[in-house]
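Asks:
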Amino acid sequence: MSPDTATVDRETQTAIDIDRTKGDFSFPENHKYDAGVGLTKNTVDYISDVKNDPDWVRAFRHKGLETFFDKPMPTHWATEDLENIDFDKIRYYLSDGQKPKRSWDDVPPEVLETFERLGVPEQERAFLAGVEAQYDSEAAYSNVKEELEKDGVIFVNSTEGLKEHEEIFRPWFGKVIPTGDNKFSALNSAVFSGGSFIYIPKGLKVKHPLQAYFRINSENFGQFERTLIIADEGAEVMYMEGCTAPKFETATLHSAVVELVAMKGAKIQYVTVQNWSSNVFNLVTKRGLAHEDAEVRWIDCNIGSRLTMKYPGVVMKGERARGEVISIALANSGQHQDTGAKMIHAANNTTSNVVSKSISVGEGRATYRGQVHIPKRLKGCKNNTECDALMINANSKTDTYPAITVRGNQHVTQHEASVSQVSEEMLFYMQQRGISEAAAMSLAVNGFINDLVSEFPMEYSVELKRLIELEMEGSVG
Amino acid sequence: MSLVIKDLHASIEETPILKGLNLEIPKGEIHAIMGPNGSGKSTLSKVISGHDDYEVTSGSVTLDGEEILEKDVDERSRDGIFLAFQYPAEVPGVSNANFIRAALQARLPKGEELDAVAYYKNLYSKMDVLEMDRKFTARAVNEGFSGGEKKRNEILQMMMLDPKYCILDETDSGLDIDALKIVAKGVNAMRSPERGFLIITHYQRLLDYIEPDHVHVMSDGQIVKSGDKSLALELEEHGYDFLKEGELTNA
Numbered sequence: 018m019s020p021d022t023a024t025v026d027r028e029t030q031t032a033i034d035i036d037r038t039k040g041d042f043s044f045p046e047n048h049k050y051d052a053g054v055g056l057t058k059n060t061v062d063y064i065s066d067v068k069n070d071p072d073w074v075r076a077f078r079h080k081g082l083e084t085f086f087d088k089p090m091p092t093h094w095a096t097e098d099l100e101n102i103d104f105d106k107i108r109y110y111l112s113d114g115q116k117p118k119r120s121w122d123d124v125p126p127e128v129l130e131t132f133e134r135l136g137v138p139e140q141e142r143a144f145l146a147g148v149e150a151q152y153d154s155e156a157a158y159s160n161v162k163e164e165l166e167k168d169g170v171i172f173v174n175s176t177e178g179l180k181e182h183e184e185i186f187r188p189w190f191g192k193v194i195p196t197g198d199n200k201f202s203a204l205n206s207a208v209f210s211g212g213s214f215i216y217i218p219k220g221l222k223v224k225h226p227l228q229a230y231f232r233i234n235s236e237n238f239g240q241f242e243r244t245l246i247i248a249d250e251g252a253e254v255m256y257m258e259g260c261t262a263p264k265f266e267t268a269t270l271h272s273a274v275v276e277l278v279a280m281k282g283a284k285i286q287y288v289t290v291q292n293w294s295s296n297v298f299n300l301v302t303k304r305g306l307a308h309e310d311a312e313v314r315w316i317d318c319n320i321g322s323r324l325t326m327k328y329p330g331v332v333m334k335g336e337r338a339r340g341e342v343i344s345i346a347l348a349n350s351g352q353h354q355d356t357g358a359k360m361i362h363a364a365n366n367t368t369s370n371v372v373s374k375s376i377s378v379g380e381g382r383a384t385y386r387g388q389v390h391i392p393k394r395l396k397g398c399k400n401n402t403e404c405d406a407l408m409i410n411a412n413s414k415t416d417t418y419p420a421i422t423v424r425g426n427q428h429v430t431q432h433e434a435s436v437s438q439v440s441e442e443m444l445f446y447m448q449q450r451g452i453s454e455a456a457a458m459s460l461a462v463n464g465f466i467n468d469l470v471s472e473f474p475m476e477y478s479v480e481l482k483r484l485i486e487l488e489m490e491g492s493v494g
Numbered sequence: 016m017s018l019v020i021k022d023l024h025a026s027i028e029e030t031p032i033l034k035g036l037n038l039e040i041p042k043g044e045i046h047a048i049m050g051p052n053g054s055g056k057s058t059l060s061k062v063i064s065g066h067d068d069y070e071v072t073s074g075s076v077t078l079d080g081e082e083i084l085e086k087d088v089d090e091r092s093r094d095g096i097f098l099a100f101q102y103p104a105e106v107p108g109v110s111n112a113n114f115i116r117a118a119l120q121a122r123l124p125k126g127e128e129l130d131a132v133a134y135y136k137n138l139y140s141k142m143d144v145l146e147m148d149r150k151f152t153a154r155a156v157n158e159g160f161s162g163g164e165k166k167r168n169e170i171l172q173m174m175m176l177d178p179k180y181c182i183l184d185e186t187d188s189g190l191d192i193d194a195l196k197i198v199a200k201g202v203n204a205m206r207s208p209e210r211g212f213l214i215i216t217h218y219q220r221l222l223d224y225i226e227p228d229h230v231h232v233m234s235d236g237q238i239v240k241s242g243d244k245s246l247a248l249e250l251e252e253h254g255y256d257f258l259k260e261g262e263l264t265n266a
């Protein structure tokens, strides 16, 4: 690096950071229900009371709370930064007590303005089959195109799902991700609120994506949405989620649980683009269950947050099931993206694919943790894992912890990892063509993730590229 | 109007490489610099374009009267300096079309968008001159390119960016005769009263196809001899041994 490394680095850091100003605004709070600060049995009962939970759900929450208290913080393998989450200072439930509206006209003005600024109604008009927009603990808006409803598609929030559709909801709820899976899945089980319940009937292929947008508006708050998506035999659906929060001085917690169930021959694609502000602890558990000939794909872009821990997984339970995780993580200074994938092969001839690309800038830290499990009794299983890291300047940190447990010898696994840098030589070359340092950096980053960006739906990939490019060009000089 | 280098001294990690170099390249002329390995030819190209590994200790470089040594690399490029690299860098994942487009976009005023249709039309016409396959636009910049493809790509970029002064650093190295002819065709197509060229080469071969107006010999960080194109032929015949003997030094 040049002698004035510090300057270059700072510029570069700002340069590569994408446009987070878009989500950095908030409105005064207007909550009818507030569970208060801290987490006790009373907090859980308060939430259950407000939501008028059936008894089995209340019991489920109580068990979740106990499990949460019992489980130690996983700092024996994860970062000690987790110790900085002060569970006594967080508010676990905030809502205005309104049911989600089916028309944007009925949504409170400040909530409407929020989602308009985030472009949600516009996207809905342009290309979405249904939208749920969550504001703090509950959905403010939820709607699905009429023809889908006629076809039997269910797209509601979790509260409505468990009450109105118990017969479909309950058999799978908490089954893909048991309460005790980890400390944060237990926390979510205790205080969950919001999130989507989706059911796609047999053989129905939903052409346009369904989208959920999770918005945090309040300070000292924890958002704990719970999503369950079931695609019945031969059904297909793509679900997209976006997330933002304003930048507060204090830490915000986002801890979701997402369970996907793909029945025989079904296909679920779950696309996430998170753009959290850098005070958010984002600790999310996501897993899909793929039955015979079914496919579950997680396409995940993690930008922002103070700490993200997220390892989407697929349990391939039926023969010829397929699981895939495609992920992009961008860790800027003050951020730690601890992401990865879990592929559990539980039937013959199952196939999994993991492609992970991380970019670390400045003091930013990217960690990849992968787990691939193929037991001895199976045959004909395949896994491909690729993880590539791009480092921008010498302070960045990246580490890879792949764990591939393959027993038996009738399987094919492949693992590749690479670490590369935006070299001085590459930058000089691009700058000599008249491209500014920031734009050159942006090009290099976009080039690095280019093949993965094309996996995102068009509307998202365009947005992704544009955000990265614009922000980098605008921030230098 | 010219690119003027005056008494230029530059070092890398405290080691002086350029030691008082003087050179003037008026628009409309092609100047060739020849010289043995280690004489500082490539350093000169890097210093003019602003590589920050090199420290300019004294002297000046002016582009049409304006000092450029304080400017950033990208600014110098937009001012009209183009360097065709001896070893062009690879830019993985970025297509040639997008790369050149970004370079052209960087030359437009803020808020103005490059006309994509006109851009491709222009790009394809230049590629035709260089006999490049259309598929080339979708390939990542220099990634997996052969030596000849890389050099052709340099010339393509040069043609697209329409610079005022072109510096070609050992563009002939690693080229077979057919590729050399194509590269020369590109350069000759760009010859214009509005453009100056500095061609750095170790061998006379390239100058068979790109006829220089002036030939300079560089040694130990200075221009030690200048002449017309016959000097290149002379060097080809006798080599650089004269530098040691000092025979031609003051000729």
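Quick note, the sequences are listed as chains A and B, same order. Numbered by our numbering, the letters in the first sequence go through residues 18 to 494 in order. Numbered by our numbering, the letters in the second sequence go through residues 16 to 266 in order. Just so you know, even glycine gets a beta-carbon here, dropped at the ideal spot from N, CA and C.
From the DSSP secondary-structure annotation, give me the bridge partner or partners of Q438 (chain A).
Replies: Paired residue(s): A:M408.
Asks: Leaving out five residues before and five after H432 (chain A) in sequence, what residues of the same chain have Cβ atoms less than 7 Å from its Cβ?
Replies: The answer, listed in chain order, is T402, P419, I421.
Asks: Within the chosen definition, does the region 300-307 of chain A reach the region 189-199 of chain A through at least 3 CB pairs nearer than 8 Å?
Replies: The region 300-307 of chain A vs the region 189-199 of chain A: in contact.
Asks: Can a CB atom of chain A be found closer than 8 Å to the CB of D89 (chain B)?
Replies: Output row for D89 (chain B): interface = yes.
Asks: With C-beta atoms as the reference, is E341 (chain A) less than 8 Å away from W315 (chain A)?
Replies: The answer is yes: Cβ separation under 8 Å.
Asks: Which chain B residues sit within Cβ distance under 8 Å of L460 (chain A)?
Replies: Going along chain B in sequence order, the residues near L460 (chain A) (Cβ under 8 Å) are V106, V109, N113, F114, A117.
Asks: With a threshold of 16 other CB atoms inside 10 Å of the CB of W293 (chain A), please say whether the residue is buried or exposed.
Replies: By the neighbour-count rule (16 or more Cβ atoms within 10 Å), W293 (chain A) is buried.
Asks: Taking the straight line between their C-alpha atoms, what separation do you get for S245 (chain B) and D68 (chain B)?
Replies: Taking the straight line from one Cα to the other gives about 35 Å.
Asks: DSSP beta-bridge partners for Q120 (chain B)?
Replies: Q120 (chain B) is not bridged to any residue.
Asks: My output table needs one value for F257 (chain B): the three-state DSSP class, helix, strand or coil.
Replies: Three-state result, F257 (chain B): helix.
Asks: So which of A:W94, A:G40, A:K68 has the shortest CA-CA distance to T417 (chain A)?
Replies: Nearest of A:W94, A:G40, A:K68 to T417 (chain A), Cα basis: A:W94.
Asks: Could one say the Cβ of S60 (chain B) lies closer than 8 Å to chain A's Cβ atoms, at least one of them?
Replies: No, no contact with chain A.
Asks: Any contact between the region 447-466 of chain A and the region 191-204 of chain B? By contact I mean 3 or more CB pairs, one from each, below 8 Å.
Replies: In short, these stretches do not touch, since the Cβ pair count stays below three.
Asks: So is I452 (chain A) in contact with chain B if we call contact Cβ pairs under 8 Å?
Replies: I452 (chain A) counts as touching chain B.
Asks: What residues in its chain sit with their C-beta under 6 Å from that of S234 (chain B), if we drop five residues either side in the sequence?
Replies: Excluding positions up to five away in sequence, the list reads G50, S54, L258.
Asks: Any chance the region 233-243 of chain A sits against the region 200-218 of chain A, with 3 or more Cβ pairs inside 8 Å?
Replies: In short, these stretches touch, since the Cβ pair count reaches three.
Asks: Pull the bridge partners of D317 (chain A) from the DSSP assignment, please.
Replies: Answer is A:T289, A:S344, bridged to D317 (chain A).
Asks: Name, going along the chain, the residues of the region 16-41 of chain B whose beta-carbon falls closer than 8 Å to a beta-carbon of chain A.
Replies: Taking 8 Å as the Cβ-Cβ cut-off against chain A, none of the residues of the region 16-41 of chain B qualify.
Asks: Would a check of beta-carbon distances place I343 (chain A) closer than 8 Å to chain B?
Replies: Output row for I343 (chain A): interface = no.
Asks: So, using beta-carbon positions, are F44 (chain A) and T131 (chain A) closer together than 8 Å?
Replies: Cβ atoms of F44 (chain A) and T131 (chain A): closer than 8 Å.
Asks: Give the residues of chain B in contact with M447 (chain A), contact being defined as C-beta atoms less than 7 Å apart.
Replies: Correct list: V106.
Asks: For chain B, check one thing: does any of its Cβ atoms lie closer than 8 Å to the Cβ of S19 (chain A)?
Replies: Residue confidence for S19 (chain A) is low, a pLDDT of 36 falling below 50, so the modelled location carries little weight; the figure read from the coordinates is stated next. Judged by the 8 Å Cβ criterion, S19 (chain A) is in contact with chain B.
Asks: Grouping DSSP H, G and I as helix and E and B as strand, with all else coil, what is G379 (chain A)?
Replies: The answer is coil: DSSP assigns G379 (chain A) none of H, G, I, E or B.
Asks: Residues of chain B with CB closer than 8 Å to the CB of E442 (chain A), please, in chain order.
Replies: In chain order: A104.
Asks: In chain order, what residues of the same chain lie with their CB nearer than 8 Å to the CB of L444 (chain A), ignoring the 5 residues before and after it?
Replies: So the list reads E454, A457, M458, A461, once near-sequence residues are dropped.
Asks: Under the DSSP definition of a beta bridge, which residues are partnered with C398 (chain A)?
Replies: C398 (chain A) is not bridged to any residue.
Asks: In whole angstroms, what separates the C-alpha of A247 (chain B) from that of Q219 (chain B)?
Replies: Rounded to the nearest angstrom, the two C-alpha atoms are 6 Å apart.
Asks: With DSSP run on the structure shown, which of helix, strand or coil describes P138 (chain A)?
Replies: Three-state result, P138 (chain A): helix.
Asks: Could you tell me the alpha carbon to alpha carbon distance between V173 (chain A) and D153 (chain A), rounded to whole angstroms?
Replies: Rounded to whole angstroms, V173 (chain A) to D153 (chain A) spans 16 Å at the Cα level.
Asks: Helix, strand or coil for I233 (chain A)? Go by DSSP, reduced to three states.
Replies: Coil, per DSSP.
Asks: Roughly how many whole angstroms lie between the Cα atoms of Y50 (chain A) and G114 (chain A)?
Replies: The alpha-carbon atoms of Y50 (chain A) and G114 (chain A) are separated by roughly 6 Å.
Asks: Hey, out of A:I233, A:I376, A:A364, A:N47, whose CA is closest to N299 (chain A)'s CA?
Replies: Comparing Cα-Cα distances from N299 (chain A) to each of A:I233, A:I376, A:A364, A:N47, the minimum goes to A:I233.
Asks: Have a look at S112 (chain A) and G387 (chain A) and give me their C-alpha separation to the nearest angstrom.
Replies: If I take the Cα positions, the gap works out to 37 Å.
Asks: Please say whether I225 (chain B) and D184 (chain B) have beta carbons closer to each other than 8 Å?
Replies: No, the pair does not count as a contact, with Cβ atoms beyond the cut-off.
Asks: Per DSSP, G147 (chain A) forms a beta bridge with which residues?
Replies: G147 (chain A) is bridged to A:V161, A:L227.
Asks: Could you tell me which chain A residues have their CB closer than 9 Å to the CB of L176 (chain B), listed as they occur along the chain?
Replies: Those are R450, G451, listed as they occur along chain A.
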